[in-house]
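Novice: Numbering (our numbering), first residue to last: 5 to 389.
All C-beta atoms in this analysis are idealised placements derived from N, C-alpha and C, irrespective of residue type, glycine included.
1. With a cut-off of 8 Å, do at least 3 Cβ pairs link the region 321-333 to the region 304-313?
2. If you run the structure through DSSP and keep just helix, strand and coil, what is residue 177?
3. Take residue 162 as the anchor and find which of 295, 219, 350, 339 has the nearest alpha-carbon.
4. Between the Cα of residue 96 and those of 153, 286, 186, 343, spot the shortest distance and give me the residue it belongs to.
5. Counting C-beta neighbours from all protein chains within 10 Å, is the total for residue 366 16 or more, i.e. buried, or is it exposed?
6. Tell me where the alpha helix (DSSP H) around residue 322 begins and ends.
7. Would you tell me roughly how many angstroms separate the C-alpha atoms of residue 159 and residue 150, rounded to the nearest one?
8. Quick one: grab the DSSP three-state call for residue 217.
9. In this structure, how does DSSP classify residue 351 when only helix, strand and coil are distinguished?
10. On the premise that residue 303 lies in contact with residue 331, defined as a C-beta separation below 8 Å, what is that separation, rounded to the nearest angstrom?
11. Would you mind stating whether residue 90 and residue 248 have Cβ atoms separated by less than 8 Å?
12. If we call anything under 8 Å between Cβ atoms a contact, is residue 71 one with residue 79?
13. Do residue 65 and residue 218 have their CB atoms nearer than 8 Å?
14. For residue 232 and residue 62, what's the separation of their Cα atoms in angstroms?
15. Thinking C-alpha only, which one of 139, 92, 157 is nearest residue 280?
16. Identify whether residue 189 lies in helix, strand or coil by the three-state DSSP scheme.
17. Nearest by alpha-carbon distance to residue 203: which of 168, 142, 222, 236 is it?
18. Between the alpha carbons of residue 250 and residue 228, how many angstroms are there, rounded?
19. Looking only at its chain, what residues have a beta carbon closer than 6 Å to the beta carbon of residue 342, apart from the 5 residues adjacent to it on each side?
20. Would you tell me roughly how many angstroms separate the C-alpha atoms of residue 273 and residue 81, rounded to the nearest one?
21. When DSSP labels each residue in this structure, what does residue 106 get in the three-state scheme?
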């Protein structure tokens with residue numbers, strides 16, 4: 005018995021070196037050689053995880069008895085179980101659209117899909133994937149149901165000034181407010197059009213679902229993921245859950261997990277922190293090369309996004325959002341203008357620095373009182389003798 009990591013059976017194919025899925029939509033799609041940097045997963049003590057490491061898979065779990073059953077029929081007991089089962093992609097069929105099994109429809113969730121995408125000639129995809137295809141000199145059409153790109157995160161102004169205008173200037177075609185309803189197939193079973201839009205390949209990005217099937221009915225789920233404490237631990241002290249499959253409380257943010265997003269497409273590079281709730285203040289130039297956006301909710305800074313910032317500015321905006329400083333009026337943010345987060349971050353740092361001498365002075369005063377008391381006691385004791 006000991007510590008056991010539980011991974012999902014749907015992972016890298018046997019024969020593939022381990023890799024991180026997120027790289028498939030970033031560096032892997034760029035024209036430059038990337039395999040050495042791409043295969044970066046390591047295990048304990050920086051040991052490289054070879055394909056053989058993934059041979060054995062857990063097919064069922066008994067949390068009460070602390071037993072796991074593997075696909076080769078072996079049972080394994082444990083003292084500590086760390087669940088890292090990740091998530092699986094949502095398929096079109098779950099939204100009433102058939103065609104996922106077509107040869108030229110992919111979800112970019114594994115190396116096979118990524119290799120097919122690199123060889124595509126035309127595609128419907130999401131932001132990073134679309135940018136990578138354009139860099140590879142491919143014709144790309146993006147289709148999304150909202151009125152602007154990344155509507156769950158961006159305001160219309162961010163979407164237009166920073167991203168949509170830049171994408172269109174590079175030759176991408178955007179189709180907004182449109183929901184996929186069906187595919188047209190050729191005699192070989194390949195998709196050749198949808199919305200009367202011809203396509204050589206379709207890349208679907210409609211979300212993921214955490215892999216919790218092994219533990220349904222055994223562990224408490226919240227919004228589809230395993231609920232854990234701030235230590236990533238279940239009420240059952242022998243079970244931990246990490247990454248996509250876990251949800252944990254953060255008291256600073258009202259028991260919700262703060263969001264951190266980032267992306268790099270073309271010459272753009274933005275970072276988002278916190279929550280996009282409340283009133284919004286925008287700063288930036290018309291070119292979209294730099295932009296600062298702040299969300300103020302219930303008299304607090306709760307969210308921010310920064311495009312084109314320096315390392316110092318990104319660190320400042322992350323710190324300011326994390327500490328949630330009070331902002332009584334939007335005019336206060338507007339008055340300070342661009343660099344608001346940097347200013348706030350420096351003010352907070354000064355407050356922390358000023359607090360320390362006070363604490364040290366208190367300690368020094370307390371020490372002097374103790375020394376004086378001991379000296380007085382020694383003097384009186386000496387006189388009595």
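Specialist: Taking the coordinates as given:
1. yes
2. strand
3. 295
4. 186
5. With a pLDDT of 36 at residue 366, under the threshold of 50, the predicted position of this residue should be treated as unreliable, and no value is reported.
6. 315-327
7. 12 Å
8. helix
9. helix
10. 6 Å
11. yes
12. yes
13. Note that the C-beta distance between residue 65 and residue 218 is below 8 Å.
14. 21 Å
15. 157
16. strand
17. 142
18. In a straight line, the C-alpha of residue 250 is about 9 Å away from that of residue 228.
19. Around residue 342, the same chain offers 287, 296 as residues with beta carbons nearer than 6 Å, after the five sequence neighbours per side are excluded.
20. 46 Å
21. Residue state, collapsed to three classes: coil.
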